[in-house]
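Single-structure report; data block below.
In the working numbering, the protein residues as written are 133 to 752.
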């Protein structure tokens, strides 16, 4: 197999960036059925969200190999290290510092020259991602000032998000390290960019301006970079400027989104009122520009949804909504309806604002191609005049039977028709027994996404109408009865059995999805479900989003055993579902709360589940 370094070099384009879609999947020792992470994602998630401990076994193994290496066996030792990593799931993020400290401490008693030559060999020849990271770390121990070839090797490795953090640490002592860092930040856009931004120094106006316009934007989540960028550029100072260019304001939009949306790591800034006021001051200058309409809505929702709202919060939120109802905004929206690129943005604005009446204009556009403009339904369904005929129009122009097939364990995220069907089923949650044919198509789909969405909507209709499932329209009931016989996903089978009142032992059910983790290493919280101390585990922003999830009925299933509650929570993109486990101790009190989402440190899914359980227990 070609080495990782050579594979990276082969994929560098003339612009100095790696090719779009570049990955290291062939070097990952995961099976086809396992979840594949983006480059740098596992290290990134652990770095920001987990308390990872040093792997003493890994440290001992690497030290043993360092003690064995000499000028005669470098290739042999390198191959054994690569083989070791390829046969395990060991990761070096929390361990590399211990390894490097051992080398520094013992440099006078070990053969450092051979260790360094081993690192050089691994950097160029390794087919193991983790072995390569250790090698990069070792190279960073020497003075690289006059090692141009090695510097170039590390820069090439840093172009890959998996190695950006390690390579830049190795290059960090160079006199021009900040220049290299800035050059690399402009060439990566995933986890590598996130790590590099943490250490970039704003030493010039050109760096500052670039960070304003491009700094926050990344392929992972703006929340990872927003707070860092806001501090480095002094966001308040920028917003205090008299004028901003459109490019600058678009960049600030990204920063504000990362600060105020459902960010993964940062809380809301203490000076949020002043930030929002100054943002709105500039927004008024761009009020005819549709590109900026999403952010005021996000900010007003943030202010209105706060647990404790001040008078000033309400005043600013009201001012924002008045702006979004203004003639300038409405006319801009109206003129944008016939632009296919702008239409989704129009819908995204008006679906949140009941004061804007563009139903006739949107329906005329929708009629031209209901399948292509299906997302218009999110707005049209709010109007009694257009609701039923909009659904019928879409139903009559689609062959819904094309979705019928034997159920499989495939999400179907790359199927445009399936994605459209999922969207339809999701928005029908708020309109009981409208569009039944779409629910049937979802139940009969081969893909998991539509089946899951259909079950969600059925369960939602039961809750909102208090109607028993046996009294549902015959076509929906019969479709679920047939699915019960052939469904292969354990969680779906449990939910279907619950709908149909079937008692079935599924303990030995061979579920093709593995989402269970029976071990929990959290200490015993020993709290009652209604105890306020549970709420204190969650950041205010997480509680706000969790509350939103609860009220949107994103917690769609919850089972109880003597040891735990197990809830399933819909992801915000409706493409994934997350499992929340609320473990009970021997006294029936809450022992621990965990989620299998990437951000497990008391996330919105967990808080939504707590609210769901509290509501359920109250009803009981």
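Ideal placement from N, C-alpha and C gives every residue a C-beta, glycine not left out.
As assigned by DSSP and simplified to three states, the class of residue i
{"i": "residue 462", "result": "helix"}
{"i": "residue 238", "result": "coil"}
{"i": "residue 214", "result": "helix"}
{"i": "residue 441", "result": "coil"}
{"i": "residue 699", "result": "strand"}
{"i": "residue 653", "result": "Residue confidence for residue 653 is low, a pLDDT of 43 falling below 50, so the modelled location carries little weight; the figure read from the coordinates is stated next. Note: residue 653 maps to coil in three-state DSSP."}
{"i": "residue 548", "result": "helix"}
{"i": "residue 144", "result": "strand"}
{"i": "residue 281", "result": "helix"}
{"i": "residue 533", "result": "helix"}
{"i": "residue 641", "result": "coil"}
{"i": "residue 224", "result": "coil"}
{"i": "residue 351", "result": "coil"}
{"i": "residue 492", "result": "helix"}
{"i": "residue 163", "result": "Confidence at residue 163 is low in this model, with a pLDDT of 48, below 50, so its placement is unreliable and the value that follows should be read with caution. Three-state result, residue 163: coil."}
{"i": "residue 577", "result": "strand"}
{"i": "residue 566", "result": "coil"}
{"i": "residue 150", "result": "strand"}
{"i": "residue 431", "result": "helix"}
{"i": "residue 659", "result": "strand"}
{"i": "residue 187", "result": "coil"}
{"i": "residue 457", "result": "coil"}
{"i": "residue 375", "result": "coil"}
{"i": "residue 734", "result": "coil"}
Per-residue burial, residue i [other beta carbons within 10 Å of its own, 16 or more giving buried]
{"i": "residue 497", "result": "buried"}
{"i": "residue 159", "result": "buried"}
{"i": "residue 470", "result": "exposed"}
{"i": "residue 293", "result": "buried"}
{"i": "residue 352", "result": "buried"}
{"i": "residue 295", "result": "buried"}
{"i": "residue 739", "result": "buried"}
{"i": "residue 511", "result": "buried"}
{"i": "residue 157", "result": "exposed"}
{"i": "residue 410", "result": "buried"}
{"i": "residue 662", "result": "exposed"}
{"i": "residue 517", "result": "exposed"}
{"i": "residue 442", "result": "exposed"}
{"i": "residue 588", "result": "buried"}
{"i": "residue 457", "result": "exposed"}
{"i": "residue 259", "result": "buried"}
{"i": "residue 597", "result": "exposed"}
{"i": "residue 734", "result": "buried"}
{"i": "residue 476", "result": "exposed"}
Own chain residues within Cβ distance below 6 Å of residue i, not counting five before or after
{"i": "residue 526", "result": "502"}
{"i": "residue 386", "result": "348, 349 and 354"}
{"i": "residue 736", "result": "674, 677, 678 and 681"}
{"i": "residue 270", "result": "251"}
Unbroken beta strand (DSSP E) run spanning residue i, endpoints
{"i": "residue 724", "result": "722-727"}
{"i": "residue 713", "result": "709-716"}
{"i": "residue 689", "result": "687-692"}
Endpoints, alpha helix (DSSP H) assigned at residue i
{"i": "residue 616", "result": "606-618"}
{"i": "residue 414", "result": "404-415"}
{"i": "residue 668", "result": "Careful: residue 668 lies outside any alpha helix (DSSP H) and carries neither H nor E."}
{"i": "residue 525", "result": "516-528"}
{"i": "residue 507", "result": "Here residue 507 belongs to no alpha helix (DSSP H), and DSSP marks it neither H nor E."}
{"i": "residue 478", "result": "475-482"}
{"i": "residue 297", "result": "296-303"}
{"i": "residue 324", "result": "323-331"}
{"i": "residue 314", "result": "309-317"}
Residues near residue i by beta carbon distance below 7 Å, same chain, minus five either side
{"i": "residue 554", "result": "581, 582, 585 and 706"}
{"i": "residue 650", "result": "Because residue 650 sits at a pLDDT of 37, beneath the cut-off of 50, its placement in the model cannot be relied upon, and the point is left open."}
{"i": "residue 234", "result": "195"}
{"i": "residue 479", "result": "507, 508, 510 and 511"}
{"i": "residue 171", "result": "155, 156, 292, 293, 294, 322 and 323"}
{"i": "residue 494", "result": "469, 508, 511 and 512"}
{"i": "residue 466", "result": "490 and 493"}
Contact set for residue i: own chain, Cβ-Cβ below 8 Å, skip 5 residues either direction
{"i": "residue 626", "result": "638, 689 and 691"}
{"i": "residue 367", "result": "361, 384, 387 and 407"}
{"i": "residue 618", "result": "538 and 539"}
{"i": "residue 595", "result": "685"}
Cβ distance (whole Å) where residue i is taken to contact residue j below 8 Å
{"i": "residue 408", "j": "residue 448", "result": "6 Å"}
{"i": "residue 571", "j": "residue 608", "result": "5 Å"}
{"i": "residue 424", "j": "residue 381", "result": "7 Å"}
{"i": "residue 176", "j": "residue 361", "result": "At roughly 17 Å, the Cβ-Cβ gap does not stay under 8 Å, so residue 176 and residue 361 are not in contact."}
{"i": "residue 377", "j": "residue 422", "result": "Not a contact, Cβ separation roughly 17 Å."}
The ligand FAD heavy atom lying under 7 Å from the CB of residue i
{"i": "residue 443", "result": "The ligand FAD is absent from the structure shown, which contains no ligands of any kind."}
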